[in-house]
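Here the structure is laid out as structure tokens; the discussion comes afterwards.
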Amino acid sequence: MNTPGIPALLAEIYERIFRPMGFGMEDLESHTESLAYDACSFTVHKVPVVFRKAKITPTKIGQFVTLWKRSTAGPIAPYAITDAAALFIIATKTEHRLGIFLFPKAVLARQGVVTTGTKEGKRALRVYPPWDSVTSKQAQKTQQWQLDYFVEIPAVNTIDLERIQELFQDLM
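Okay, so the sequence shown: first residue is 0 according to numbering that gives the first Met the number 0, each after it adds one.
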């Protein structure tokens, strides 16, 4: 996919996952304040998506990702349950491995990441792909729920497109 403004990692994900599934991508909008995280939003298969690339940090296990929007009043704010985005795709990449978390908005709301009527969400989070060996109890608990929404994108083997279809099914 050679679309101006599309981050290279998202283009790879589109070519390897969404195109083979027959899912079109429309309405791409870059979020210029978070370009370091390849931040953008788009619609795939009629599902509004927020995309981020997680970053490896030097001192902690897991990968860090910002997940905020600019509020109409000016300061940054967590995404809210009332926002249009239905799916948050967080890409994780190391030198030899690639995968994506496909988090439905409702799941992130239950986990306190997305703002609800009763609780403010978070502006960032740490994700733990299966190749990260977590040691703290909190990280283990977080990784456990996150892995339900993770799909690895192997370099040479087949991608589990059925699993991705399952995750999209509830959103359509």
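No residue lacks a Cβ here, since even glycine has one placed at the ideal position from N, Cα and C.
All of these numbers come straight from a predicted model, not from anything done at the bench.
Practice task
Would you kindly work out how many angstroms separate the C-alpha atoms of Val-43 and Thr-58, rounded to a whole number?
Solution key: 35 Å
Handout entry: DSSP three-state assignment for Ile-12, whether helix, strand or coil
Key = helix
Exercise for the section: Could you pull the start and end residues of the beta strand (DSSP E) that Glu-28 belongs to? Expected result: 24–29
Practice task
May I ask you to report which of helix, strand or coil DSSP gives Val-49?
Solution key: strand
Exercise for the section: Please report how far the alpha carbon of Lys-45 lies from the alpha carbon of Ile-99, in whole angstroms. Expected result: 19 Å
Handout entry: Outcome for Leu-34 when other beta-carbon atoms lying within 10 angstroms are tallied against a minimum of 16
Key = exposed
Exercise for the section: Would you be able to state if there are at least three C-beta pairs under 8 Å between the region 146–158 and the region 71–83? Expected result: no
Practice task
Would you decide whether Lys-136 is buried or exposed? Buried here means 16 or more other CB atoms lie within 10 Å of its CB.
Solution key: exposed
Problem - Which listed residue (Val-112, Tyr-36, Leu-170) has its alpha carbon closest to that of Ile-55 - result: Tyr-36
Practice task
Answer yes if the region 84–104 comes into contact with the region 6–22, meaning at least three C-beta pairs across the two stretches below 8 Å, and no otherwise.
Solution key: yes
Practice task
Give the range of the alpha helix (DSSP H) segment to which Leu-107 is assigned.
Solution key: 104–109
Practice task
Put Trp-144 into one of helix, strand or coil per three-state DSSP.
Solution key: helix
Problem - Assumed close pair Ile-163, Leu-101 - CB separation to whole angstroms, cut-off 8 Å - result: 7 Å
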